[in-house]
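Numbering (this note's numbering) for the sequence shown: 43 to 251.
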Amino acid sequence: MSATAPTSVLTIAPVIPVVVIDDAVQAVPMARALVRGGLTAIEITLRTAAGLDAIRAVRDEVPDAVVGAGTVVRAGDPARAVEAGARFLVSPGWSEGLLDAMRATGVPFLPGVSTVSEVVRLLELGVDELKFFPAEAAGGTAYLKSLASPLPQARFCPTGGITPASAPSYLALPNVACVGGSWMVPADALAAGDWARVEKLAAEAASLG
């Protein structure tokens, strides 16, 4: 049975793997390992030419996964990603044109922010679920904590430089619903097809939530 369609990216899972796929053949065994480890939400980035094919493969062959597209940065990316099977969209930043394109797909999305002004503007536009990126470089937990009082309606998925050691501190913040990271799918494990290692790291990450 397929996983239920999400209505919000922030409620899918407390930890979302952010995966860069160079070869779409890796996608299905990688996704199965993550799901076995307890991580059902998987963000496959569009940073490589294999991204859309990887999303399509996971959609077709791993029904228990909720696959999404990350690094959505061009106006045509949202429609192409959803056509391939993405059930949520994540961007490292935003523009009003990109925001409109993500909204038009009808799937949940997270536009990326790193400044207070961006958060305020998106709240004005009716968007209160946001990606905070690059989390560590942009101020980390101290920065997000400082936003909780003046902007309590904004909720975040911080991504960028987060590790198993720092993830619990983010998840403890009142305005953080989930975190994204790549540590559970290291490049060397992907290249080697070491799915047992991916499953183990996924299980450890799932326990953080």
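For every residue, glycine included, the Cβ atom is placed at its ideal position computed from N, Cα and C.
*Run through DSSP, which three-state label would V162 get?*
helix
*Could you tell me the boundaries of the alpha helix (DSSP H) in which L94 lies?*
G93 to E103
*Continuous alpha helix (DSSP H) stretch holding R78: start and end*: A69 to G79
*Residues that DSSP places opposite I84 in a beta bridge*: V109
*asked:* Just verifying my parser: in three-state terms, what is the DSSP assignment at G235?
replied: coil
*Candidates L189, V57 and S188: closest to T205 by CA position*: V57
*asked:* So, with DSSP's three-state summary, where would you put P200?
replied: Correct three-state label for P200: strand.
*Would you mind stating whether G182 and T201 have Cβ atoms separated by less than 9 Å?*
Not closer than 9 Å, so no.
*Buried or exposed: T157, going by 16 or more other Cβ atoms within 10 Å of its Cβ?*
exposed
*Taking C-alpha atoms, which residue in P120, D65 and D119 lies nearest to A96?*
Taking only the C-alpha atoms, the option nearest A96 is D65.
*Considering V124, what are the terminal residues of the alpha helix (DSSP H) in which it resides?*
Taken as a continuous stretch (DSSP letters only), the alpha helix (DSSP H) holding V124 covers D119 to A126.
*Apart from the five residues on each side of it in sequence, which residues of its chain come closer than 7 Å, Cβ to Cβ, to A248?*
V57, G79, G80 and L81
*Exposed or buried, what is G110 when buried is set at 16 or more other beta-carbons lying within 10 Å of its beta-carbon?*
buried
*Does the beta-carbon of M43 have 16 or more other beta-carbons within 10 angstroms, so that it is buried, or is it exposed?*
Legend: pLDDT at M43 = 43, less than 50; position of this residue unreliable, value from coordinates given subsequently. Label assigned to M43: exposed.
*Is it the case that the Cβ atoms of C199 and V132 are separated by a distance below 9 Å?*
yes
*Can you say whether P134 is buried or exposed, counting buried as having 16 or more other CB atoms within 10 angstroms of its CB?*
buried
*Do you know whose CA, among L94, A75 and T49, lies nearest I63's CA?*
In terms of Cα proximity to I63, the closest of L94, A75 and T49 is L94.
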